[in-house]
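Heads up, the thing below is written out as structure tokens.
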């Protein structure tokens with residue numbers, strides 16, 4: 023069994039992305055996939071509405087396969103109403119924060135508090151780049167700041183923050199933070215380091231589809247020094263526990 027906690031539908035590419043994601047899930051045996059809609063780095067209220075509506079449409083078309091994150095721009099005045107629509111009306115499973123604000127920006131706090139009330143996880147894009155860091159792209163220490171402020175929140179730090187050797191240290195002792203290794207930037211040795219640093223129970227399988235191959239992400243786990251039970255935890259058991 024495989025559960026993918028990190029994939030996307032990009033604005034303007036709905037049919038193409040949907041087709042590629044469904045094909046890959048069937049080919050590689052992914053039984054559940056969590057999707058967020060993305061577009062520009064600073065989406066206005068209308069754009070956020072459109073990308074969330076596309077995710078909702080995907081959920082309706084592939085009811086057994088697709089679950090959704092509600093994408094949010096905390097800078098938009100209607101962000102709490104957007105979250106309410108995503109969770110209560112669309113039946114989405116969590117909230118997605120990308121690069122519109124740092125994740126520990128005070129404007130995020132009411133959203134986290136609402137997610138705690140809804141009892142849903144928060145997926146946070148986190149990345150550390152030597153070149154090309156976006157103006158409000160969260161680092162792992164931003165995630166750690168937020169997690170310490172809200173220990174009741176269930177947070178997924180995406181991509182191991184791009185560099186597991188620096189990205190995991192700030193969250194090492196924060197049991198309310200999980201991490202995925204979505205994308206093609208992680209190697210088997212990095213999974214080993216993550217296991218040693220935070221334990222296999224806090225690592226989640228994610229692909230970053232349609233931008234990366236599920237097969238590559240599967241290989242990263244298979245090549246790592248893991249027991250069969252630890253592989254099962256990463257491939258699906260941890261996600262089942264997290265999303266309840």
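Numbering (the numbering used here), first residue to last: 23 to 266. Just so it is clear, CB atoms sit at the ideal spot from N, CA and C, and this is done for glycine as well. Source: prediction; values computed, not measured.
Euclidean distance between Cα positions of residue i and residue j
| i | j | result |
| --- | --- | --- |
| residue 102 | residue 129 | 10 Å |
| residue 126 | residue 148 | 12 Å |
| residue 277 | residue 198 | Residue 277 lies beyond the residue range present for the chain, which begins at 23 and ends at 266; the question has no answer from this structure. |
| residue 251 | residue 259 | 9 Å |
| residue 90 | residue 35 | 17 Å |
For residue i, the first and last residue of its enclosing alpha helix (DSSP H)
| i | result |
| --- | --- |
| residue 81 | 67-83 |
| residue 131 | 131-140 |
| residue 118 | Premise fails: residue 118 lies in the beta strand (DSSP E), 116-119, not in any alpha helix (DSSP H). |
| residue 234 | Looking at the DSSP string, residue 234 is not in any alpha helix (DSSP H), and its letter there is neither H nor E. |
Cutoff 6 Å; reference residue i; Cβ partners in own chain excluding five residues on either side
| i | result |
| --- | --- |
| residue 157 | none |
| residue 239 | 229 |
| residue 65 | 95 |
| residue 112 | 78 |
| residue 61 | 33, 69 and 73 |
Three-state secondary structure assigned by DSSP to residue i
| i | result |
| --- | --- |
| residue 196 | coil |
| residue 92 | strand |
| residue 56 | strand |
| residue 87 | coil |
Contact set for residue i: own chain, Cβ-Cβ below 8 Å, skip 5 residues either direction
| i | result |
| --- | --- |
| residue 42 | 231 and 232 |
| residue 162 | 148, 150, 179, 183, 188, 189, 190, 191, 192 and 193 |
| residue 50 | 24, 236, 237 and 240 |
| residue 169 | 175, 177, 193, 196, 198 and 199 |
Cβ neighbours of residue i in the same chain (closer than 7 Å, five flanking residues each side left out)
| i | result |
| --- | --- |
| residue 136 | 102 and 105 |
Bounding residues of the beta strand (DSSP E) (the contiguous stretch that carries residue i)
| i | result |
| --- | --- |
| residue 258 | No beta strand (DSSP E) holds residue 258; DSSP gives it neither H nor E. |
Contact test: residue i Cβ vs the ligand FMN heavy atom, cutoff 8 Å
| i | result |
| --- | --- |
| residue 209 | Inclusion of the ligand FMN in the displayed structure is not the case, the ligand content being empty and no account of it being possible. |
Item to check | Any beta strand (DSSP E) of 3 or more consecutive residues that is wholly inside the stretch 148-225 | outcome: 177-179 and 199-202
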